[in-house]
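Worksheet: the structure to be examined is printed underneath.
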Ligand SMILES: [Zn+2]
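Numbering (our numbering), first residue to last: 241 to 612.
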């Protein structure tokens, strides 16, 4: 990645800690608001609504509990563009961008062909960045960067959030051929953004680990089955990685939340879960909300996280693994929270000190705006 190498030479490189659970919606919401999940309200892609007992997908901005940096920048007169790979994030993160008197744009690579001036703030995405790519592709991510660079080039945006998708990272380990091509294409666009004079902050929503036995089969603990066998029926396991894009991971991640049929047994059941081989952390609701900065009304009675090589599931019938054509790689837990934190300029003294402490990926806008 020669372009990235050049950016690093004149810039700053470190690591930052992401928000838990280490999922897409959670961390993208945190990044565009500069706040942890307890403030954004986003605790996963899915949660069990205690009011209705229904499992609800959190892919609409109705679930976001605070304002975004993007909307505030647009109100301050910046030409804001948010480009995401997946359409699910666009609606979630775009409130305020189309308010009266504000001129923002927000669109996804997935639905590039459907962008309209009235609803997206832009109507000619395909003319700028090319034909809409398939969502299960590396091109879906490269497209986001290409669209962003084209908008800067044309003088149509000067404050951007470009959010990619992790399809390639789920499918290939970093040095595999399919990954290398992807990084090469990404590198070209990063170089383009740097050449345009953009102040770049580069980070990730989460990391990724191989989740397999030596023979390549997924290493899964089906938590709901385990609980049924030991403690009887009625316990519900929510896998907040679940989303409509299941080809990547079969809805298996390294974090689940458990709604117990008898909440007064949380300590006892938690202790038992802690003893399972491959489970690394179990927290009760109150402890999890406090220690992991989670919205307490959108998590279950227990939070369970697994080892770097293990994923947690509900029971086999909830997970369609037939579409996994390669060994499972996934994320969601503690072992996927440390991510790159890269800037195109050296940090000033104040932000060098911040970066040496416990920098968070969701402070990336703060670092770009104030840290150079
Ligand atoms: Zn993912």
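A virtual CB, placed ideally from N, CA and C, is assigned to each residue, including glycine.
Nothing here was measured: the structure is a model prediction, and the numbers come from that model.
Contact under 8 angstroms by Cβ, residue 453 with residue 570
The residue given as residue 453 occupies position 213 in the chain shown. The residue given as residue 570 occupies position 330 in the chain shown. Residue 570 is positioned such that its CB atom lies no closer than 8 angstroms to that of residue 453.
* Asked: Which residue comes first and which comes last in the alpha helix (DSSP H) that contains residue 410?
  -> Locating residue 410 in the chain shown gives position 170, where the first residue counts as 1. Unbroken alpha helix (DSSP H) run through residue 410: 407–411.
**Message:** I need the straight-line Cα distance from residue 332 to residue 368, nearest angstrom please.
**Reply:** In the chain shown, residue 332 corresponds to position 92, counting from 1. In the chain shown, residue 368 corresponds to position 128, counting from 1. Each residue's alpha carbon lies about 24 angstroms from the other.
To which residues of the same chain is residue 613 closer than 6 angstroms at the C-beta, ignoring the five residues directly before and after it? The requested residue 613 is not part of the displayed model; the chain covers only 241 to 612.
Output needed for residue 456: all residues of its chain with C-beta closer than 7 angstroms, excluding positions within five of it in sequence on either side, in chain order.
Numbered from 1 along the chain shown, position 216 holds the residue referred to as residue 456. Same-chain partners within the cutoff: 567.
Rounded separation between residue 312 and residue 336 - CA only: Translated into positions along the chain shown, residue 312 becomes position 72. Translated into positions along the chain shown, residue 336 becomes position 96. Near 8 angstroms, if we compare the C-alpha coordinates of residue 336 and residue 312.
Using a 10 Å radius around the Cβ and a threshold of 16 neighbouring Cβ atoms, would you call residue 379 buried or exposed? Counting from 1 along the chain shown, the entry for residue 379 is found at position 139. Buried: at least 16 other Cβ atoms inside 10 Å.
DSSP beta-bridge partners of residue 401
For the purposes of this step, residue 401 is taken as the residue at position 161 of the chain shown. In DSSP, residue 401 forms a bridge with 322.
query: Should residue 416 go down as buried or exposed, given a rule of 16 or more other Cβ atoms within 10 Å for buried?
result: Locating residue 416 in the chain shown gives position 176, counting from the first residue. Exposed, because fewer than 16 other Cβ atoms sit within 10 Å of the Cβ of residue 416.
Residue(s) in a DSSP beta bridge with residue 446 = Residue 446 sits at position 206 when you count from the first residue of the chain shown. Assignment of beta-bridge partners to residue 446 by DSSP yields no partner.
Residue 559 Cβ short of 7 angstroms to ligand 1 heavy atom set:
Sequence index remark: in the chain shown, residue 559 carries index 319 (1-based). Flag unset: Cβ of residue 559 not near ligand 1.
Compare the C-alpha of residue 439 against each of 606, 242, 406 and 425 and name the closest. Looking up residue 439 in the chain shown gives position 199. Among 606, 242, 406 and 425, the Cα nearest to that of residue 439 is on 606.
Exercise for the section: Quick one: measure Cβ to Cβ for residue 491 and residue 518, integer angstroms, because I've assumed they're closer than 8 angstroms. Expected result: To locate residue 491, count along the chain shown from 1; it is residue 251. To locate residue 518, count along the chain shown from 1; it is residue 278. Not a contact, Cβ separation roughly 17 angstroms.
With a cut-off of 8 angstroms, do at least 3 Cβ pairs link the region 465–475 to the region 499–514?
Between the region 465–475 and the region 499–514 there are three or more inter-stretch CB-CB distances shorter than 8 angstroms, so the stretches are counted as touching.
task = Reducing DSSP to helix, strand and coil, say where residue 498 ends up.
result = Numbered from 1 along the chain shown, position 258 holds the residue referred to as residue 498. Three-state DSSP puts residue 498 in a strand.
### Query
Could you give the uninterrupted runs of the beta strand (DSSP E) lying entirely in the region 275–363, keeping only those of 3 residues or more?
Listed in chain order, they are 286–288, 295–297, 320–324 and 344–348.
Considering only residues of the same chain and omitting the five flanking positions on each side of residue 243, which have a CB-CB separation below 6 angstroms? As a first step, residue 243 is located in the chain shown; it is residue number 3 there, counting from the start. Same-chain partners within the cutoff: 427, 430 and 431.
Just to check, is the beta-carbon of residue 482 closer than 7 angstroms to a non-hydrogen atom of ligand 1? Within the chain shown, numbered from 1, the residue matching residue 482 stands at position 242. No, ligand 1 has no heavy atom inside 7 angstroms of this Cβ.
*If you draw a straight line from the C-alpha of residue 241 to the C-alpha of residue 579, how long is it?*
Position 1 of the chain shown, counting from 1, holds the residue named residue 241. Position 339 of the chain shown, counting from 1, holds the residue named residue 579. Distance between the alpha carbons of residue 241 and residue 579: 18 angstroms.
- Is residue 537 near ligand 1, in the sense that its beta carbon is under 7 angstroms from a heavy atom of that ligand? What you label residue 537 is simply residue 297 of the chain shown in a count that begins at 1. Answer for residue 537: no, Cβ out of range of ligand 1.
Pick from 363, 282, 286 and 399 that is closest to residue 314, judged by C-alpha positions
Translated into positions along the chain shown, residue 314 becomes position 74. Per the Cα distances, 399.
- Message: Tell me whether the region 585–603 and the region 256–274 touch, counting them as touching only if at least three CB pairs, one residue from each stretch, are closer than 8 angstroms.
- Response: With contact defined as three or more Cβ pairs closer than 8 angstroms, the region 585–603 and the region 256–274 are in contact.
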